[in-house]
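Residues 1 to 861, numbered by the UniProt record's numbering, are exactly what the sequence shown covers, in order.
See structure below.
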Amino acid sequence: MRRSIRRSIGFLGQIGMPAAHRTTNGALRSRPKRSGFLASVSRAALIVAAWAAFGKVAVAQPVIEQAGGSFARHDFATLTIIGGLVGFSVLATIALARSRYGHRRNTVSRDEAMTMQAEIDRLRQMLLSEPQVLVTWPAASDEPEIIGDVSIVGSSTPRVLAFGTWLEPAAAQRLDDAVTRLRGDGRGFTMTLTTHAGRPLEAEGRALGGRAILRLRDVSGIESELVQVSTRHDRLSGDLQTLHAMLEALPAPVWARDATGRLTFANSAYARAVEARSAAEAVERELELLERTARGEIARMRADGAAFSKRMPAVVAGERRIFDVIDAPTASGSAGIAIDRTEAETMRTELTRMTDAHRRVLDQLATGVAIFNADRKLAFYNAAFRVLFDLDPAMLEQAPTDTAVLDTLRSARKLPEEQDFKQWKQQLYEAYRAVEPKEHMWHLPDNRTLRVVTTPNPEGGVTYLYDDVTERLDMRRRYEALIKVQSETLDHLGEAVAVFGSDGRVRLHNPAFQSMWKLTPEALDTHPHVESVTAWTQALHDDGAVWRALRNAVTGIDNREAVAATIERRDGMMIDMATMPLPDGATLVTFQDVTDTVNVERALRERNEALVAADSIKIEFVHHVSYELRSPLTNIIGFANLLGDAAFGPLTVKQREYLGYITTSTNALLAIINNILDLATIDAGAMTLNLAQVDIRASMFEAAEGIQDRLIQDNIVLDIKAATGIGSFTADAKRLKQILFNLLSNAVGFSPPNTTVTLTASRSGDTVTFAVSDHGPGIEPERQDKVFDLFETDSNGSEHRGTGLGLSLVRSFVELHGGTVTIESTVGEGTTVTCVFPAEQQSRPIERPAARVAAAKRSAA
1 MRRSIRRSIG
11 FLGQIGMPAA
21 HRTTNGALRS
31 RPKRSGFLAS
41 VSRAALIVAA
51 WAAFGKVAVA
61 QPVIEQAGGS
71 FARHDFATLT
81 IIGGLVGFSV
91 LATIALARSR
101 YGHRRNTVSR
111 DEAMTMQAEI
121 DRLRQMLLSE
131 PQVLVTWPAA
141 SDEPEIIGDV
151 SIVGSSTPRV
161 LAFGTWLEPA
171 AAQRLDDAVT
181 RLRGDGRGFT
191 MTLTTHAGRP
201 LEAEGRALGG
211 RAILRLRDVS
221 GIESELVQVS
231 TRHDRLSGDL
241 QTLHAMLEAL
251 PAPVWARDAT
261 GRLTFANSAY
271 ARAVEARSAA
281 EAVERELELL
291 ERTARGEIAR
301 MRADGAAFSK
311 RMPAVVAGER
321 RIFDVIDAPT
331 ASGSAGIAID
341 RTEAETMRTE
351 LTRMTDAHRR
361 VLDQLATGVA
371 IFNADRKLAF
381 YNAAFRVLFD
391 LDPAMLEQAP
401 TDTAVLDTLR
411 SARKLPEEQD
421 FKQWKQQLYE
431 AYRAVEPKEH
441 MWHLPDNRTL
451 RVVTTPNPEG
461 GVTYLYDDVT
471 ERLDMRRRYE
481 ALIKVQSETL
491 DHLGEAVAVF
501 GSDGRVRLHN
511 PAFQSMWKLT
521 PEALDTHPHV
531 ESVTAWTQAL
541 HDDGAVWRAL
551 RNAVTGIDNR
561 EAVAATIERR
571 DGMMIDMATM
581 PLPDGATLVT
591 FQDVTDTVNV
601 ERALRERNEA
611 LVAADSIKIE
621 FVHHVSYELR
631 SPLTNIIGFA
641 NLLGDAAFGP
651 LTVKQREYLG
661 YITTSTNALL
671 AIINNILDLA
681 TIDAGAMTLN
691 LAQVDIRASM
701 FEAAEGIQDR
711 LIQDNIVLDI
721 KAATGIGSFT
731 ADAKRLKQIL
741 FNLLSNAVGF
751 SPPNTTVTLT
761 ASRSGDTVTF
771 AVSDHGPGIE
781 PERQDKVFDL
791 FETDSNGSEH
801 RGTGLGLSLV
811 RSFVELHGGT
821 VTIESTVGEG
831 TTVTCVFPAE
841 QQSRPIERPA
851 ARVAAAKRSA
861 A
């Protein structure tokens, strides 16, 4: 245990609390003496405590050993109390030592602070001994500290930093920019300034110890003169820069020469004029703007000490231009400028050309023009003026005065007859002092009327405009008379008429309009709007759609289309309404009483419907009867054929003759019935064509076989004309044969004996044409359109009278094929029927042929 205490005391002796003191420069350094003293005190306290504790332990050791190693609780408490006392003693000793050390340190610091304050006061007195101002900005604050003599800037302390209050704007801006850079990145500066009062100052900025410092110092003596020279230099430099900038901005070339005539300066416009990249290049290469002759002339004037000014040409960028050149001598040489007058020259030339053009235009006017200048002499006149008054050109070319012209016109009786001519002339001359044009009407003795306008000219003088309005006034009188005639005509029309203006109001109406709609004259005299008019007419006709259409037609802007409608009033009157837009934006509205016409139209329509219904009944009846007749007729034909058969027994000659008559009649009747059925089928839209390739020549000969007996009987020759290679086309073979047979049958029936019937066929492009010609009596022109109608027959002086089915059937079949039928006939010479078919065709929907429709309409009519 003793060894442990000694080790502890030795360790504590090694450590100690070092002392420190402040030197004159403010640094801290250790004090070994004070540190040793504190260490000795601590060591002594520890030794005493350890000795006391050791003694107790030594006294207690025999007792502990006698107790056989047991340790009583009261012995432990005694040791604890002893240790606490020792610790308290150590801590008290350390606190006392530290308190004494702090007192001595505070005393030293107070002495040092007093020394430093004295030094600061001495330095402040030194700084304030000179006429200067110091402005300091701490690093962490924007609030500046200002000390010094602020009177040197002629301002109060708060306005020292308002540089513009005591400096010129440019100098204030330079100083402000320098201070901003100083505070921003610590860049120092030095510059000379001059206040508004003319006091020279030196401004210096520095960054020291994290602070920005601005010093404004008054300078005097040589420094003041240097500042003034510098300020004057800056001002002259500024003026020179301003002058240079102005010369650079000028669009006119500017140059300067030395005493030898060598180019020393040129602006950018000069460089562009001589096609140099820069003004420096133009000076270096001595590029000249003017020609040699012009430069020589300028040099002579400069040698005489006179300024040169003249308009002359020069080539700029390859283009010839006109310049006003001014060159003036200077102390060191000369300076010149070239002002471009090309546009002015062009405008002057253009103005001259325009003036000539205006003169030529005025010569073409029908209005007489005479221009008198400020001296009241004739400066210009046109041909219309000379012709209007029949004046002598020689007299006009002498530029006579206004008075001389008026006297000449008066002597020729070409002025108004005035009682006081002198006063009338003075009133006319007031135009020379007027500022506004004035109009006069001259009624000449030769019954002409002139409209005379006197217009003052800006440069002095008067322009007279003479317009012959005799014809215009006559036209106005005739127009007014015409309006009266039209008004009277309109008032006596049976048709109601109203004209609505572009604003929708009634501008014109006749009595018929008033009486038709039962309107009062007082209401119409107020020019009511169309809305009011339609509201008044609601009592007679309340169809809103009609009146809405009328309002839209009258007031519409984009859509000005005509509107037509039929109005049925409550009293049974039928009125046709129609609107017509007029060119001036107005709308003409007419109302016509068509009650009688509508009643007649209704009656005719009902009759037409009845006739159409009767035609339909007739067709159905014919169709039904044809079917009813066909069955027994077929039986008759069948039994006739059986009777003619030798297998049923021989017949006498007379019986066979009668049987032949029966067979012929029944076959003819069967053909008629078949034709009727075909027409009925076509009319019903149920006819179907069996389209196939049909040989043209074969079809023609097959159709001819059916009329051979009639040809022989009437001694008629059939001439069939068709090219051998005409080929075939698409058609229904049965219907084509039927068409040709009916045409040939009709032609043979109307042909006199010993004549020729011609059947021709030809192909042209995409069509095939068949034509049948005869030499019969022909058909009158008014009947040619009716021969194709159903049941239309006419013997036309011949013994033949058909059933009226053949040609109707022909047209129907041809139109079903998509072809056309035409007829050409001359009375007394014959008839030709032509059928044109398309060579190739496709099946098309079955429609009622046009021939049947036309026939039905004519029957209904």
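For each residue, glycine too, the CB sits at the ideal point set by N, CA and C.
This one's a predicted model, so the numbers in the text were calculated from it and none came from an experiment.
Can you give the Cα-Cα distance for residue 706 and residue 741, rounded to whole angstroms?
Cα-Cα distance, rounded: 7 Å.
I'd like to confirm the pairing. Which residues does DSSP put opposite residue 255 in its beta bridges?
Beta-bridge pairing links residue 255 to 266 and 336.
Can you list, in chain order, the residues of its chain with a C-beta nearer than 7 Å to that of residue 172? Leave out the 5 residues immediately preceding and following it.
Taken in chain order, the residues that qualify are 163 and 164.
Leaving out the 5 sequence neighbours to the left and right, which residues in its chain are closer than 7 Å to residue 366 when beta-carbon positions are compared?
Same-chain partners within the cutoff: 384.
For residue 285, which residues of its own chain have a beta-carbon under 8 Å away from its beta-carbon, when the five flanking residues on both sides are left out?
Leaving aside the five residues that flank residue 285 on each side, the residues in its chain whose CB is nearer than 8 Å to its CB run, in chain order, 276.
Using DSSP's beta-bridge definition, name the partner residues of residue 815.
Looking at the DSSP assignment, residue 815 forms no beta bridge with any residue, so it has no partner.
Residue 498 by DSSP, collapsed to three states: which one?
Correct three-state label for residue 498: strand.
Would you tell me roughly how many angstroms separate the C-alpha atoms of residue 19 and residue 105, rounded to the nearest one?
The predicted position of residue 19 is uncertain, since its pLDDT is 39 and thus under 50; a value taken from the coordinates is nonetheless stated next. One C-alpha to the other measures close to 9 Å.
Do the segment 492-507 and the segment 462-475 make contact, defined as three or more Cβ pairs closer than 8 Å?
These segments do not touch.
Helix, strand or coil: which one does DSSP assign to residue 716?
Of the three classes helix, strand and coil, the one that applies to residue 716 here is coil, per DSSP.
Measuring only the C-alpha atoms, how far is residue 348 from residue 312?
Here the alpha carbons of residue 312 and residue 348 stand approximately 16 Å from one another.
My understanding is that residue 396 touches residue 406, with C-beta atoms under 8 Å, so please give their C-beta distance in whole angstroms.
Contact doesn't hold; Cβ gap of about 14 Å is too wide.
What does a CB cutoff of less than 8 Å around residue 240 pick up in its chain, not counting 5 residues either side in sequence?
Around residue 240: no qualifying Cβ.
Since residue 442 is in the beta strand (DSSP E), which residue starts that stretch and which ends it?
For residue 442, the enclosing beta strand (DSSP E) stretches over residues 438-443.
According to DSSP, what are the bridge partners of residue 581?
Within the DSSP bridge table, the entry for residue 581 names 587 as partners.
Work out the CA separation of residue 353 and residue 322 for me, nearest whole Å.
Residue 322 and residue 353 have their alpha carbons spaced roughly 19 Å apart.
Starting from residue 207, follow the beta strand (DSSP E) in both directions and report where the run begins and ends.
200-208 is the span of the beta strand (DSSP E), which, as asked, contains residue 207.
Rounded to a whole number of angstroms, what is the C-alpha to C-alpha distance between residue 328 and residue 459?
So the alpha carbons of these two residues sit roughly 36 Å apart.
Would the segment 690-710 and the segment 779-789 be scored as touching if the rule is three or more Cβ pairs under 8 Å?
No: fewer than three Cβ pairs fall under 8 Å.
Just mark residue 271 as buried or exposed, buried being the case when its beta carbon has 16 or more other beta carbons within 10 Å.
Taking a 10 Å sphere around the C-beta of residue 271, we find 16 or more other C-beta atoms and assign the residue as buried.
Stretch-stretch touch, CB-based, cutoff 8 Å, three pairs: the segment 762-769 with the segment 828-839:
Three or more pairs of CB atoms, one per stretch, sit closer than 8 Å, so the segment 762-769 contacts the segment 828-839.
Collapsed DSSP secondary structure at residue 841 in the structure displayed:
Correct three-state label for residue 841: coil.
In this structure, how does DSSP classify residue 367 when only helix, strand and coil are distinguished?
Note: residue 367 maps to coil in three-state DSSP.
Tell me the DSSP secondary structure of residue 568 in three-state form.
The three-state reading of DSSP puts residue 568 in strand, counting E and B together.
Might you give, ordered along the chain, the residues of its own chain that have their beta carbon closer than 7 Å to the beta carbon of residue 342, omitting 5 neighbours on each side?
Result list for residue 342: 321 and 322, in chain order.
Reference residue 153, options 143, 132 and 138, closest by Cα
Comparing Cα-Cα distances from residue 153 to each of 143, 132 and 138, the minimum goes to 132.
Between the C-alpha atoms of residue 180 and residue 213, what's the straight-line distance to the nearest angstrom?
Our two residues, residue 180 and residue 213, have alpha carbons roughly 12 Å apart in a direct line.
What is the DSSP secondary structure of residue 594, reduced to helix, strand or coil?
DSSP places residue 594 in coil when its eight states are reduced to three.
Count the other C-beta atoms from every protein chain shown that fall within 10 angstroms of the C-beta of residue 85, then say buried if there are 16 or more, exposed otherwise.
Exposed, by the Cβ-count rule.
What is the C-beta distance between residue 773 and residue 832, in whole angstroms, given that I count them as a contact (C-beta under 8 Å)?
Contact between residue 773 and residue 832 is confirmed by a C-beta separation of about 4 Å, below the 8 Å threshold.
What does the alpha-carbon distance come out to for the pair residue 53 and residue 89?
The predicted model places residue 53 with a pLDDT of 44, which falls under 50 and marks its position as unreliable; any figure quoted below should be read in that light. Distance between residue 53 and residue 89, taken at the CA atoms: about 13 Å.
Close-in-space but distant-in-sequence residues of the same chain around residue 826 (CB under 8 Å, 5 per side omitted):
Cβ neighbours of residue 826 within its own chain (closer than 8 Å, five residues either side excluded): 778.
For residue 753, which three-state DSSP category applies?
Residue 753 falls in the coil class under three-state DSSP.
What are the boundary residues of the alpha helix (DSSP H) that residue 544 is part of?
Where residue 544 is concerned, the enclosing alpha helix (DSSP H) stretches over 544-555.
Which class does residue 215 belong to by DSSP, given the choice of helix, strand or coil?
Per DSSP, reduced to three states, the secondary structure at residue 215 is strand.
Pair every Cβ in the segment 329-338 with every Cβ in the segment 256-271, then say whether three or more of these pairs are closer than 8 Å.
These segments touch.
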